[in-house]
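These notes concern the structure reproduced below.
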Amino acid sequence: MTALLEIVNLRRLFRIGRARTLHAIDDVSLRIGAGRSLGLVGESGSGKSTLARLVVRLDDPTAGRILYEGNDIGAVPAHAFGRRPARSQIQFVFQGADDTLNPALSTARNIAIGLGASGGGDVRPHVEQIAAEVELPRELLERRPHQLSGGQQARAGIARALIARPRLLVLDEPTAALDVSVQATVLKLIDRLRHTRGLTLLFVSHDLEVIRLMCDDVAVLYLGRIAETGPVADVLARPLHPYTRALVAAAPGRAKADGDLIGGEPASPIDPDPNVCLFANRCPLAMPRCMTERPRPRAIHNARIVACHRSDEGDGLSGSEAY
Amino acid sequence: MDSAASTRSSGQALGQRIVLAALAALIALAVAGPWITPYDPTETNPTAALLHPGAVHLFGTDALGRDMFSRTLAATRTDLLIASVSVVAALTVGSVLGAAAGWRGGWVDRIIGRLMDTIMAFPLFVLAVGIAAAMGNSVASVVVATVVVNLPFYARQVRAEVSRRRNAGYVEAARLAGFGPIAILAGQILPNLAPPLMVQSSLNMGWAILNAAGLSFIGLGIRPPTPEWGIIVSEGAAYIFSGEWWLFVFPGGMLMLAVLIFGFAGDVLRDRLDPRRD
Amino acid sequence: MNAALPLVSIRGLQIHFGGPQRAATIDRTDLDILRGDIVALVGESGSGKSLIAHTLAGILAPAARMRVERFDFGGVDLRQQDAPAWRAIRGREVGIVFQNPRAALDPLMRIGRQLGEVIAHHRLLRGRPLLDATIAALGEVRIPDPAARLRAYPAELSGGMCQRVMLAIALAANPALLVADEPTTGLDTTTQGAVLALIAGHARSRRMATLLITHDLALARAYADRIVVLHAGQIVEMAQAADLFDRPTHPYTRRLIKATPVEAASVSDLSGIGGRPPDLDGKVPACRFAGRCDRAGAICTTDRPPLASVAPGHQSACWNPA
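Chains as they are written, first to last, in the working numbering: chain A, 13 to 335; chain B, 92 to 369; chain C, 6 to 327.
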């Protein structure tokens, strides 16, 4: 299957103060096949939101390539990307917040923003059509965003992203701010739209269960680095990286043994030691090699990729513990 | 949750309507002024000098026999015109500078900031006097002085509002859609700024009127015989102790009334224009 | 673990906001909490769950008008208690942990001092014994290297650490009841698990009643003995945690379970709940779920269903339970 999106050795560094550097994304490589849905899961500081913004070109990478249909869109600076034809093909659904929609404009005009500057002429029919597709009642189109419920605002945000008919949709915690009953409806909507429009999804979330339901594959990020990737059901049932295992164990609703919960605090992403596994300070399986050599992502089997020395040496999690 | 509109008492709503009606009346006076005055404001009549206010001359006459009522009324247009031109110019230039500073940040922000700080470092009226004196006695110098002195307020407000919204979700969505910075500033951010800017402008009008009147009072800017509140008050000031009170009370009172009306109107606008209400 | 007499007994709690025409935000609610019991109060936004937390902590906003028929705490009638009486109860008998721990801690005071103040107040310690007790308290909430952490300011600690400090403060006087209002919302998943395990562990070891307020049913199931489901200010179902999931009887509970991702095998298993809770300024049906319920009948709009027993230890407020 051809990859619609391929990320190659991507790095995003932020300068802090005069001499320090924050490694938000540190050598990440990923592929998403056309029509597939990849979940990006991680906690705060994992870099998942940074990665999402790089993919939609709201931000420029420090190094590495972002290949869309084989073309390096990362080479085009963010401020110049707006004029590219690929611009309309990659769209973004924001996390619901007060300022996701413009409070001074009507919902219809907010949705029409998605058509861009080239959306001249009569945009109204397009807006009404997409509103119907996201099940947003017509009479709400003339209202301002603050008059809509959280779920309706989420739909408007999705409509705005889809009105330009993108192929790749990146979503950053689209339902995190919603009540669970509303979240369910919006997730089903996203899933339905994905199938009717043949979308490829990059779904960022901290919630493993949402990723499980919405995605084919999952990539687990920790402090800007890939911990592991693979088909979502497989990764959740048989995690190969100790961090993934801890993440799965911490999710409520899953059976857990006492030793599964990890403590400690994440290492600092500022000027991290390049020769160290950043998870080592909290890892129950840490060994000397973890403090002297950074583990690289390596393909195992069944489309699984893991960055862990234990896995390399064959005495890591065997992946036979089922949940 | 209570809707905000319902917490406004009916007394408050009536007060707002009165203010807006007064504002409308003031503007109507400015527009119609010269045509509805009972006498020619500049026509002198030495035989009728210094008459008390009465049936024939509502506000009395001045030392040259000119009808005070007509002069005061006609001055409305002069003052409002000067003030509104100044405010609009200050708003425009200040907004552009503020938007550039707020959007670009970096050295653009720093330079514009220093410029605004420099202007604000002067006592505003002293600066206005300096500019008007340097440019000579004319309406233009009054306008320029008022514009320069008022620039920083708009620049600061717009800069703050723009830089606050620069990373808002809807702004990023517009960037994602391919809009350039000008389009975003004008189409996305400006509609959010319009209400606070309108409020600021209305409040500013009052100050601009005072500024124009003040400059004329000390002899800069407008020259007689053009009717203008500052000039009229300045001419009447000579008579404070001799008892011809109508020479400065009426024009001074109109001046004060105009400033008050614009001030209140600003409050009403602020109340009515919150984008989160309808 | 559970004494026969409840630690907290509330009958007919009503909380009103706004004008007299407005329906009550909390609508005549009864609640019992047994000693040593971990009770999860589950509700969505607007359900009023935080109001109940505030009532138990005696910190209800002045704008709220509260009426209650009975409010017993450990045998003491709290209905008429004034501020000084509440100050004695709060902190000593009731410990509180809130969402957003960083906001609850004084940003200008070192955490050692903040915690020390509370311990000194309740346990009347000073000097060296106080220092030792403070270090011990930090250790009990599993803060690594507690002696070094004493001098840290809240801004230097992560969200999870701040929450642990809050918990230590809440537990300082060994209260009989811990009220935790969304204690882990906003924290990372791994931290959430650790903090909740900590709370549950302390509840068990101290035989401390815990009211855990959350919007997350999965969390409630994982950590609570008993679950109380709140909808629009009305308790609709109460049961032992496992029982609630095995045999949910109230339509809202059933729909809520079906909306929770962890319970679904695939997206098609998920289903949301249409509509919204009733607008309190408009006409409010007697059973406030009636407008969104597919099992509603005429009586649901006019008569509020009482909480009735559907199985031992399991109650449901529905005219037409499943």
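By construction, the Cβ of each residue, glycine as well, lies at the ideal position given by its N, Cα and C atoms.
Minimum Cβ-Cβ distance from residue 276 (chain C) to chain A less than 9 Å: Locating residue 276 (chain C) in the third sequence gives position 271, counting from the first residue. Cβ-Cβ to chain A under 9 Å: yes for residue 276 (chain C).
Sequence-distant residues of the same chain with beta carbon closer than 7 Å to residue 224 (chain B), five excluded per side: The residue you call residue 224 (chain B) lines up with position 133 of the second sequence. Contacts found: 311.
Residue environment, residue 126 (chain B), which counts as buried when at least 16 other CB atoms sit within 10 Å: Position 35 of the second sequence, counted from the first residue, corresponds to residue 126 (chain B). Exposed, because fewer than 16 other Cβ atoms sit within 10 Å of the Cβ of residue 126 (chain B).
Between the CA atoms of residue 222 (chain C) and residue 314 (chain C) - distance to the nearest angstrom: Here residue 314 (chain C) refers to the residue found at position 309 of the third sequence. Here residue 222 (chain C) refers to the residue found at position 217 of the third sequence. Each residue's Cα considered, the two are about 21 Å apart.
The region 255-266 of chain B / the region 134-147 of chain B touching (three or more Cβ pairs under 8 Å): These segments do not touch.
Integer-rounded CB distance, given that residue 37 (chain A) should sit under 8 Å from residue 66 (chain A): By 1-based counting over the first sequence, the position of residue 66 (chain A) is 54. By 1-based counting over the first sequence, the position of residue 37 (chain A) is 25. Contact flag correct, Cβ pair sits at about 7 Å.
Residue 324 (chain A) at chain B interface by Cβ criterion, 9 Å: On the first sequence, residue 324 (chain A) is found 312 positions in, with the first residue counted as 1. Closer than 9 Å: no.
Cβ pair count under 8 Å reaching 3, the region 140-154 of chain C against the region 95-113 of chain C: Short answer: they don't touch.
Own chain, CB closer than 6 Å to residue 34 (chain C), minus 5 neighbours either side, in chain order: Taking the third sequence and counting its residues from 1, one reaches residue 34 (chain C) at position 29. Cβ within range, chain order: 18 and 240.
Inter-residue Cα distance where the pair is residue 247 (chain C) and residue 232 (chain C): For this step, residue 247 (chain C) is matched to residue 242 along the third sequence. For this step, residue 232 (chain C) is matched to residue 227 along the third sequence. Roughly 9 Å between the two C-alpha positions.
Short CB-CB distance (under 9 Å) between residue 296 (chain A) and chain C: Numbered from 1 along the first sequence, position 284 holds the residue referred to as residue 296 (chain A). At a cut-off of 9 Å, the C-beta of residue 296 (chain A) has no neighbouring C-beta in chain C.
Per-residue burial, residue 214 (chain B) [other beta carbons within 10 Å of its own, 16 or more giving buried]: Sequence index remark: in the second sequence, residue 214 (chain B) carries index 123 (1-based). Looking at its Cβ environment, which holds fewer than 16 other Cβ atoms inside 10 Å, residue 214 (chain B) is exposed.
Those residues which DSSP pairs with residue 240 (chain A) across a bridge: On the first sequence, position 228 is the one that residue 240 (chain A) refers to. As computed with DSSP, residue 240 (chain A) is found in a beta bridge with A:232 and A:318.
Interface flag, residue 266 (chain B) vs chain A, CB-CB below 9 Å: On the second sequence, residue 266 (chain B) is found 175 positions in, with the first residue counted as 1. Under the Cβ distance rule, residue 266 (chain B) counts among the residues neighbouring chain A, one pair being separated by less than 9 Å.
Contact list for residue 304 (chain A) against chain B, beta-carbon separation under 8 Å: Counted from its first residue, the first sequence places residue 304 (chain A) at position 292. Those within 8 Å of residue 304 (chain A) in chain B number zero; the least Cβ separation is about 40 Å.
Contact set between residue 272 (chain C) and chain A, taken where Cβ atoms lie within less than 8 Å: For the purposes of this step, residue 272 (chain C) is identified with residue 267 of the third sequence, where counting begins at 1. Residues of chain A whose Cβ lies closer than 8 Å to the Cβ of residue 272 (chain C) are, in chain order, 199, 200, 203, 225 and 226.
Straight-line Cα distance separating residue 261 (chain B) from residue 291 (chain B): As a first step, residue 291 (chain B) must be located in the second sequence, where it is residue number 200. As a first step, residue 261 (chain B) must be located in the second sequence, where it is residue number 170. Cα-Cα distance, rounded: 25 Å.
Touching by the beta-carbon criterion (3+ pairs, under 8 Å), the region 229-244 of chain B and the region 201-210 of chain B: Because the criterion of three Cβ pairs below 8 Å is met, the region 229-244 of chain B and the region 201-210 of chain B touch.
Stretch pair the region 19-29 of chain C + the region 76-89 of chain C: three plus CB contacts closer than 8 Å: Here the region 19-29 of chain C does not lie against the region 76-89 of chain C, with fewer than 3 beta-carbon pairs under 8 Å apart.
Backbone CA spacing between residue 174 (chain A) and residue 149 (chain A) [nearest angstrom]: For this step, residue 174 (chain A) is matched to residue 162 along the first sequence. For this step, residue 149 (chain A) is matched to residue 137 along the first sequence. Spanning the two alpha carbons is a distance of roughly 17 Å.
Distance CB(residue 5 (chain C))-CB(residue 289 (chain C)) smaller than 9 Å: This structure gives no information on residue 5 (chain C), because the portion of chain C shown stretches from 6 to 327.
Nonlocal neighbours in the same chain, by C-beta distance under 8 Å from residue 111 (chain B), ignoring five residues either side: Position 20 of the second sequence, counted from the start, is the residue given in the question as residue 111 (chain B). Beyond the five residues adjoining it in sequence on each side, residue 111 (chain B) comes within less than 8 Å, by CB distance, of 356 and 359 in the same chain, given in chain order.
Contact belief for residue 299 (chain B) with residue 320 (chain B) at Cβ below 8 Å, rounded distance in angstroms: Position 208 of the second sequence, counted from the start, is the residue given in the question as residue 299 (chain B). Position 229 of the second sequence, counted from the start, is the residue given in the question as residue 320 (chain B). Not really, about 13 Å apart at Cβ, beyond 8 Å.
Selected residue, minimal CA-CA separation from residue 17 (chain A), among A:23, A:32, A:41 and A:305: Locating residue 17 (chain A) in the first sequence gives position 5, where the first residue counts as 1. If we check each option's Cα against that of residue 17 (chain A), A:41 comes out closest.
Under the three-state DSSP convention, the category residue 214 (chain C) falls into: Position 209 of the third sequence, counted from the first residue, corresponds to residue 214 (chain C). In the structure shown, residue 214 (chain C) adopts extended strand secondary structure according to DSSP, grouped into three states.
DSSP three-state assignment for residue 8 (chain C), whether helix, strand or coil: Against the third sequence, residue 8 (chain C) aligns to sequence position 3. With a pLDDT of only 48 at residue 8 (chain C), under the threshold of 50, the placement of this residue in the model should not be trusted; the figure read from the coordinates follows. Residue state for residue 8 (chain C) is assigned as coil, using DSSP reduced to three classes.
Proximity test, residue 234 (chain B) beta-carbon vs the ligand COA heavy atom, cut-off 8 Å: Looking for the ligand COA in the displayed structure turns up nothing, as the structure carries no ligands at all.
Where residue 221 (chain B) falls: helix, strand or coil (DSSP): Counting from one through the second sequence, the residue named residue 221 (chain B) turns up at place 130. Of the three classes helix, strand and coil, the one that applies to residue 221 (chain B) here is helix, per DSSP.
Among B:154, B:163 and B:148, the one whose alpha carbon lies nearest that of residue 120 (chain B): Looking up residue 120 (chain B) in the second sequence gives position 29. Ranking the options by Cα distance to residue 120 (chain B), first place goes to B:163.
Neighbourhood of residue 297 (chain B) by C-beta distance below 6 Å, restricted to the same chain and skipping five residues each side: Position 206 of the second sequence holds residue 297 (chain B). If we look at residue 297 (chain B) and ignore the five residues flanking it on each side, its Cβ neighbours are 350, 353 and 354.
Close-in-space but distant-in-sequence residues of the same chain around residue 124 (chain C) (CB under 7 Å, 5 per side omitted): Counted from its first residue, the third sequence places residue 124 (chain C) at position 119. These residues qualify, in order along the chain: 130, 135, 138, 139, 142 and 177.
Min CB distance residue 190 (chain B) to chain A below 9 Å: Counting from one through the second sequence, the residue named residue 190 (chain B) turns up at place 99. Residue-level contact by beta carbon fails for residue 190 (chain B) and chain A, as no gap is shorter than 9 Å.
Cβ neighbour criterion (16 or more within 10 Å) applied to residue 302 (chain C): Counting from 1 along the third sequence, the entry for residue 302 (chain C) is found at position 297. Classification for residue 302 (chain C): exposed.
As assigned by DSSP and simplified to three states, the class of residue 38 (chain A): Residue mapping note: residue 38 (chain A) aligns to position 26 of the first sequence, counting from 1. Strand.
Pair within 9 Å by beta-carbon distance, residue 34 (chain A) and residue 282 (chain A): Position 22 of the first sequence, counted from the first residue, corresponds to residue 34 (chain A). Position 270 of the first sequence, counted from the first residue, corresponds to residue 282 (chain A). Against a cut-off of 9 Å, the Cβ pair of residue 282 (chain A) and residue 34 (chain A) comes out as a contact.
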